[in-house]
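Single-structure report; data block below.
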Amino acid sequence: RAGFVGVTVSYRLSDAPHHIHDCRRAVLWALEHIGAYGGDVARVFISGHSAGGNIAAMLAVSDELGLQPGPAIKGVICVSGVYDIYAPTPTRTKNAIFRRIYVKPTFG
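1 is the number of the first residue of the sequence shown in UniProt numbering; add one for each residue after it.
Right, dumping it as structure tokens:
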């Protein structure tokens, strides 16, 4: 009725590349089956927000996927993704800093 079909993807919260492969499999499934739901395989966009924006960008540029370059994906919409990734602060250290600066003053 609205003129589009949406597919929402769940993925593992994991170290790379497992979550990327989960999304890759979902995109490949959508490309194969979207016609059965009224979608047009020639007009498939991928999108993501935050971590999903990063994953969508990686899917769009990854040669391994067989999706780029080529006609399979018409476009990518990335919203508030993190793209400038460098050696992150270890999680334990980051969590301790977060608790000290934000959680403790806010919640006591």
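C-beta atoms are modelled at their ideal positions from N, C-alpha and C, and glycine is treated no differently.
Residues bridged to residue i [DSSP beta-bridge criterion]
i: V76; result: I46
Beta-carbon separation (whole angstroms), residue i vs residue j, contact threshold 8 Å
i: A57; j: Y37; result: Contact flag wrong, Cβ pair sits at about 25 Å.
i: G53; j: S80; result: 6 Å
Proximity below 8 Å, CB of residue i to CB of residue j
i: I46; j: I85; result: no
i: V5; j: G48; result: no
i: V76; j: A60; result: yes
i: H19; j: L13; result: yes
i: A26; j: V44; result: no
Residue span of the alpha helix (DSSP H) that contains residue i, given as start and end
i: A2; result: Premise fails: A2 is in no alpha helix (DSSP H) and is neither H nor E.
i: G52; result: 51-61
i: D22; result: 18-33
i: I97; result: 91-98
Within-8 Å CB hit, residue i to chain D
i: I46; result: In the structure shown, chain D cannot be found, because there is only a single protein chain.
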